[in-house]
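Colleague: Sharing a structure, written as structure tokens. Questions coming.
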Amino acid sequence: MRGAWSPGAPARPRRRHGQGGQLVLFYKLLWCFVGLGWSCSMATGRASELVGRSVCWLLWTSPRGACRVVGTCSSRYNQESPYKLGKKATCSEIILRQEVLKDGFHRDLLIKVKFGESIEDLQTCRLLIKQYIPTGLLVDPYELASLQESNITEAVMVSEDFNIEAPNYLSKESEVLIYARQDSQCIDCFQAFLPVHYRYHRPHSKDGETFIVVNNPDLLMYCDQELPILKCWAQSQVAAPCTLKNKDICQWNNMKYKSVFKNVTLQVPVGLTIHTSLVCSVTLLITILCSTLILLAIFKYGHFSL
2 MRGAWSPGAP
12 ARPRRRHGQG
22 GQLVLFYKLL
32 WCFVGLGWSC
42 SMATGRASEL
52 VGRSVCWLLW
62 TSPRGACRVV
72 GTCSSRYNQE
82 SPYKLGKKAT
92 CSEIILRQEV
102 LKDGFHRDLL
112 IKVKFGESIE
122 DLQTCRLLIK
132 QYIPTGLLVD
142 PYELASLQES
152 NITEAVMVSE
162 DFNIEAPNYL
172 SKESEVLIYA
182 RQDSQCIDCF
192 QAFLPVHYRY
202 HRPHSKDGET
212 FIVVNNPDLL
222 MYCDQELPIL
232 KCWAQSQVAA
242 PCTLKNKDIC
252 QWNNMKYKSV
262 FKNVTLQVPV
272 GLTIHTSLVC
282 SVTLLITILC
292 STLILLAIFK
302 YGHFSL
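Residue numbering for the sequence shown follows the numbering used here, starting at 2 and increasing by one per position.
If you want it as structure tokens, here you go:
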């Protein structure tokens, strides 16, 4: 009989279609299917494409090919998915650093702004810093004019009723517009420089010092063309002069940024009220003594003629 088996013949090899091998193959296919569905749905966000790719997977016979599609979808997810990229991949952060240089009653306020984008993309942009000056500080407009002539800084006072001789308790907060310049030591940085001075402060009863808080400024940006950075971080529009020399008004974008320091705090030494009588007495005595010496010198060495 055809295909008959005799006891002396070698055993016929049997094909392995056991339950264990089928389970392993099933789990491999299931794993690829789950990875395929997750990757493609995250990459595209469209259920129709997920269904279409799943149908294509079912028609394929090689699980390796299916897993290859999973890798393709995963790479597409890394490149295109808005959930993966978000703002940070297309919109780099703007970092602002504000610090005070020098010691004593005359300081320099230095503001540095760093962009994550290449400076070539910002060639058509201008940066304007709107700095708020607290009552404990003053900015001399005549000094700003002198620095502008020397091409050291470009700044202008916004406040009109500004008294540089008033003490801090009689003064008001003022505003200064500073046109930032590109930093020569940093490729994608701008910086602005502003000289500030301490005002006279009222003496205290206990502590011999007071503190001045300089808040972070407003960062304004104007570009000749639309850039992604404007779409990402622009909050509102502010009307301000286009340049320091040009009085035309431009609509600047008020930019959102990340500050290295929350605020800058300055420590100012002040007098004590318990020393008032001593200071007044010594001042009056020195004034009388100096006036007497001046009068004696005039009568001794002066030449009077009628």
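Glycine is no exception: its CB is placed at the ideal position from the N, C-alpha and C atoms.
In this text, all values refer to a predicted model and were calculated from it rather than measured experimentally.
#1: Output the boundary residues of the alpha helix (DSSP H) element that contains C224.
#2: Can you list, in chain order, the residues of its chain whose CB lies under 6 Å from that of R127, leaving out five sequence neighbours each side?
#3: Can you give the Cα-Cα distance for V265 and L102, rounded to whole angstroms?
#4: Given a threshold of 16 other Cβ atoms within 10 Å of its Cβ, counted over all protein chains shown, does G137 qualify as buried or as exposed?
#5: Name the two residues that bound the continuous beta strand (DSSP E) containing Q236.
#6: Going by C-alpha to C-alpha distance, which of N247, H107, I230 sits closest to Y258?
#7: Return helix, strand or coil for E144, following the three-state DSSP convention.
#8: Would the beta-carbon of V239 fall within 8 Å of that of N255?
#9: With a Cβ-Cβ cutoff of 8 Å, do L139 and I179 count as a contact?
#10: Can you list, in chain order, the residues of its chain with a C-beta nearer than 7 Å to that of V214? Leave out the 5 residues immediately preceding and following it.
#11: Which of helix, strand or coil does DSSP assign to Y199?
#12: Just to check my reading of the structure: S160 and S172 have Cβ atoms closer than 8 Å, yes? What is that Cβ distance to the nearest angstrom?
#13: In its own chain, which residues sit with a C-beta less than 6 Å from the C-beta of C243, not counting the 5 before and 5 after it?
#14: For N247, which of I188, D104, F194, V157 has the nearest alpha-carbon?
#15: Name the DSSP beta bridge partners of A156, please?
#16: Is it right to say L297 is buried, meaning 16 or more other beta carbons lie within 10 angstroms of its own, or is it exposed?
#17: Here's the rule I'm using: 16 or more other beta-carbon atoms within 10 Å means buried, otherwise exposed. How should K115 be labelled?
#18: Do K98 and V197 have their CB atoms nearer than 8 Å?
#19: State the Cα-Cα distance for the pair A193 and D184, rounded to the nearest angstrom.
#20: Compute the Euclidean distance between the alpha carbons of D225 and P142, then round it to the nearest angstrom.
#21: From V271, T277, Y302, pick the residue whose C-alpha is nearest to that of G105; which is it?
#22: Looking at G303 and the ligand NAD, is the gap between the Cβ and the nearest heavy atom below 7 Å?
Modeller: Looking at the atomic coordinates:
#1: Note, C224: premise wrong, no alpha helix (DSSP H); beta strand (DSSP E) at 219 to 224.
#2: Y223
#3: 11 Å
#4: buried
#5: 235 to 242
#6: I230
#7: helix
#8: yes
#9: no
#10: P135, N264, T266
#11: strand
#12: Their Cβ separation, rounded to whole angstroms, is 10 Å, which puts S160 and S172 out of contact at 8 Å.
#13: D249, C251
#14: V157
#15: I179
#16: exposed
#17: buried
#18: Residue 98 is actually Arg in this sequence, not Lys. Against a cut-off of 8 Å, the Cβ pair of V197 and R98 comes out as no contact.
#19: 9 Å
#20: 30 Å
#21: V271
#22: The ligand NAD is absent from the structure shown, which contains no ligands of any kind.
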